[in-house]
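The structure under discussion appears below in the form of structure tokens.
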Amino acid sequence: MKKISLFLVLVFICLSASDKQEQKSVMDLLTSKEWNMQGMNDKTYSVKYTRTEKYAYFNGQLLGIQDYYLSDTIDGAFNPKKIDLAKNGKYIICKTKDASISTFSVHEIISISNDFLEIRYIEHTHTLKFK
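Note that our numbering numbers the sequence shown so that position 79 is 79, with each residue one more than the last.
This is how it looks when you write it as structure tokens:
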């Protein structure tokens, strides 16, 4: 009986550990691939996230680079001290690196998985879908 109980405890521990390994953070999912926007017909717009920067491409050409961080709240201004602190969050807070075009934007993460990303610009009502 003790052997069966010990076996069941070990099985439970293994299943719990494997379940936790499968749960990736938002940061892990964002940085796992280059995201290609859906619905662009013959044009391609894509984004690639590192842990600290977002690279935007149009037809393979670099459009720009933004610093970003994840947040659970909509920040009113970009806070560079928050870059790479949070591994999860509902919002992507971005600021263009080029000081001459300094732009601040907030994107709500509607949905994210290994192969799908849907975000919404807070300033607009439209969403962007990536695969």
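Beta carbons are placed, not taken as given, at the ideal position from N, Cα and C, and that holds for glycine. All figures in this text were calculated on a predicted structure; none of them were measured in a lab.
Residue i vs residue j beta-carbon contact at 8 angstroms
| i | j | result |
| --- | --- | --- |
| Val132 | Ile74 | Nothing can be reported for residue 132: it is not among the residues displayed for the chain, which extend from 1 to 131. |
| Ile93 | Ser71 | yes |
| Tyr55 | Leu30 | no |
Exposure of residue i, with buried meaning 16 or more beta-carbon neighbours within 10 Å
| i | result |
| --- | --- |
| Gln61 | exposed |
| Phe104 | exposed |
Between the CA atoms of residue j and residue i - distance to the nearest angstrom
| i | j | result |
| --- | --- | --- |
| Ile101 | Asp115 | 32 angstroms |
| Lys97 | Thr127 | 24 angstroms |
| Met37 | Tyr45 | 6 angstroms |
| Lys90 | Glu108 | 6 angstroms |
| Lys129 | Lys81 | 29 angstroms |
| Ser113 | Gly39 | 19 angstroms |
| Lys87 | Asp42 | 34 angstroms |
Bridge partners - residue i, DSSP secondary structure assignment
| i | result |
| --- | --- |
| Arg120 | Glu108 and Thr127 |
| Ile134 | Lying before the first or after the last residue shown, residue 134 is absent from the chain, which here runs from 1 to 131. |
For residue j and residue i, believed in contact at Cβ under 8 angstroms, the rounded distance
| i | j | result |
| --- | --- | --- |
| Trp35 | Leu117 | 5 angstroms |
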